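Some notes on the structure that comes next.
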Amino acid sequence: MITEEQVRASLREVIVPEVERSVVDLNLVRDVSLTDGKVNIKLGNAALSPQLQDYIRAGVSAAMKKQKVSDFTLEFVDVKPAELNEIRYVIAVMSGKGGVGKSVVTSLLAIALRRKGNQVGIIDADITGSSIPRMFGIKNRPLGSETGILPVATGTGISVMSMNLLIAQEESAVIWRAPLLSRAINQFWTDVLWGKLDYLLIDLPPGTADAPLTVMQSIPLTGVIIVSTPQGLVEMVVKKAVNMAQKMEKTILGVVENMSYFYVPEVDRRYELFGRSKGKAMAKAAGAPLLAMLPVDRELARLCDDGELEKYDKPVVESLGESFLKALDRAGVKGQ
Ligand SMILES: Nc1ncnc2c1ncn2[C@@H]1O[C@H](COP(=O)(O)OP(=O)(O)O)[C@@H](O)[C@H]1O
Ligand SMILES: [Mg+2]
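Note that this note's numbering has the sequence shown beginning at 9, numbered continuously upward.
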């Protein structure tokens with residue numbers, strides 16, 4: 009006879025479309041019990057439309073059949089996404105100004121963590137300058153119901169939620185007032201079914217004004233990563249960021265300098281296009297490690313434009329991931 013563990017294991021084969029994760033990873037499995045040889049399964053009904061419930065029911069049926077279970081019941085119980093979300097580390101990526109590569113850094117870190125086999129999500133909270141879906145080439149509209157919405161998977165299975173996925177045309181400008189923006193981002197936290205995640209990265213709006221601050225206050229962050237470029241007024245950017253992190257009692261986990269240099273392999277030389285690197289000074293001012301110095305790279309820019317960032321496989325990606333994990337460890341911040 010089948011055991012409860014075997015039932016749970018076989019539910020891993022029931023994949024929810026578009027988010028491309030199993031009902032187990034989405035933390036939808038509320039209860040599994042066996043009575044008189046009959047299998048009873050309870051799944052949470054959060055963000056699932058009636059069609060999607062039917063689809064999942066068919067998936068469960070197929071999984072049970074494979075296990076030679078002929079008698080089973082499947083019940084959907086109403087829950088809110090927030091009750092199902094179990095996220096270990098929530099990391100916000102911030103910058104003093106736009107265009108420094110905040111979204112690129114968020115995405116590359118997500119890619120690095122995913123390559124290590126983690127469950128990873130991204131909240132694109134830079135709603136007015138939303139670019140995460142473009143970099144990953146995702147265009148699907150998220151599935152959902154009155155109770156919530158599901159993220160959309162990238163090619164390698166990173167879960168993404170972005171305003172760009174919800175509005176009809178990617179080019180439509182989103183001109184919203186600050187309170188509305190904060191509300192939308194809060195909903196990305198409370199009403200999106202993330203399920204079980206190891207890391208949720210938040211691409212914040214640029215700057216250190218009220219909008220990112222409000223957002224950061226309402227989401228329980230583990231820590232913050234600061235992105236800057238050599239052109240940046242390092243002192244000012246870092247001071248403001250440190251201030252902000254202190255106000256919120258958040259740890260600055262590290263800093264990333266983007267567009268540090270341009271490497272010319274023919275002469276094996278690095279050119280500091282935007283002036284001397286300020287990475288070390290930045291790290292010192294923030295009292296946090298320098299996680300990476302990313303070069304200006306045409307291939308990187310092209311992959312962003314083509315929505316194929318996940319194909320980027322230069323060693324900087326892995327080393328960004330490694331130094332981030334080390335920084336987490338060093339900071340001693342506890343996951344949830
Ligand atoms: N290291 C880099 N090398 C080449 N191009 C880059 C690099 N970093 C960013 N870019 C380019 O700059 C654009 C803006 O980057 P993005 O991450 O969207 O900035 P931000 O989120 O800070 O506004 C990207 O679309 C990409 O084409
Ligand atoms: Mg951006």
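Beta carbons: idealized from backbone N, C-alpha and C, even for Gly.
All values reported here derive from a predicted model rather than from experimental measurement.
Considering only residues of the same chain and omitting the five flanking positions on each side of residue i, which have a CB-CB separation below 6 Å?
i      : result
PRO238 : PHE282, GLY283, SER285 and LYS286
VAL15  : VAL40 and VAL47
GLY343 : ARG96 and TYR97
THR114 : VAL101, LEU209 and ASP211
LYS50  : ARG38, ASP39, GLU83 and VAL85
PRO141 : SER170, ASN172 and LEU173
PHE80  : VAL47 and MET72
ASP206 : ARG96, ASN126 and GLN127
ALA90  : THR198
Please confirm whether any heavy atom of ligand 1 lies closer than 6 Å to the CB of residue i.
i      : result
ASP321 : no
ASP305 : yes
ALA217 : no
VAL108 : yes
ASP148 : Strictly speaking, residue 148 in this sequence is Asn, with Asp absent from that position. ASN148: no, Cβ never under 6 Å from ligand 1.
LEU308 : yes
ASN266 : yes
LEU317 : no
LEU51  : no
LEU209 : no
LEU419 : Lying before the first or after the last residue shown, residue 419 is absent from the chain, which here runs from 9 to 344.
Which one or two residues does DSSP pair with residue i in a beta bridge?
i      : result
ILE130 : VAL168 and LEU209
MET102 : ILE234
MET301 : GLU265
ASN93  : Bridge partners of ASN93: none, in fact.
VAL245 : Looking at the DSSP assignment, VAL245 forms no beta bridge with any residue, so it has no partner.
GLU274 : According to DSSP, GLU274 bridges with nothing at all.
GLY152 : ILE157
PHE80  : VAL47
ARG122 : According to DSSP, ARG122 bridges with nothing at all.
LYS204 : GLU94
Apart from the five residues on each side of it in sequence, which residues of its chain come closer than 7 Å, Cβ to Cβ, to residue i?
i      : result
ALA118 : VAL128, ILE130, ILE166 and LEU209
SER139 : SER111
THR162 : PHE144, ILE146, VAL168 and GLU318
GLN75  : ILE10, GLN14 and SER18
CB-CB under 8 Å to residue i, same chain, minus the five flanking residues each way: which ones, in chain order?
i      : result
PRO159 : VAL27, GLY129, PRO150, SER167, VAL168, MET169, VAL200, LEU201 and TRP202
ALA293 : VAL242, GLU243, VAL246, LYS247 and VAL250
SER57  : LEU151, GLY152 and SER153
Given the structure, does residue i come close to ligand 3, in the sense that its CB is under 6 Å from one of the ligand's heavy atoms?
i      : result
ILE157 : As presented, the structure is devoid of ligand 3, carrying ligand 1 and ligand 2 as its sole ligands.
Open item on the list: Just to be sure I understand the criterion: a residue counts if its Cβ is closer than 7 Å to at least one heavy atom of ligand 2. Which residues meet that?
Closed with: GLY106, LYS110, SER111, ASP134, GLY137, SER139 and ASP211
TODO: Count the C-beta pairs between the region 204-218 and the region 316-327 that are closer than 8 Å, then say yes if the count reaches three, no if not.
DONE: As far as the Cβ criterion goes, the region 204-218 does not touch the region 316-327, which means the pair count is below three.
TODO: Please determine if the region 304-318 and the region 62-71 are in contact, where contact requires at least 3 C-beta pairs separated by less than 8 Å.
DONE: Taking 8 Å as the limit for Cβ pairs, the verdict is that the region 62-71 does not touch the region 304-318.
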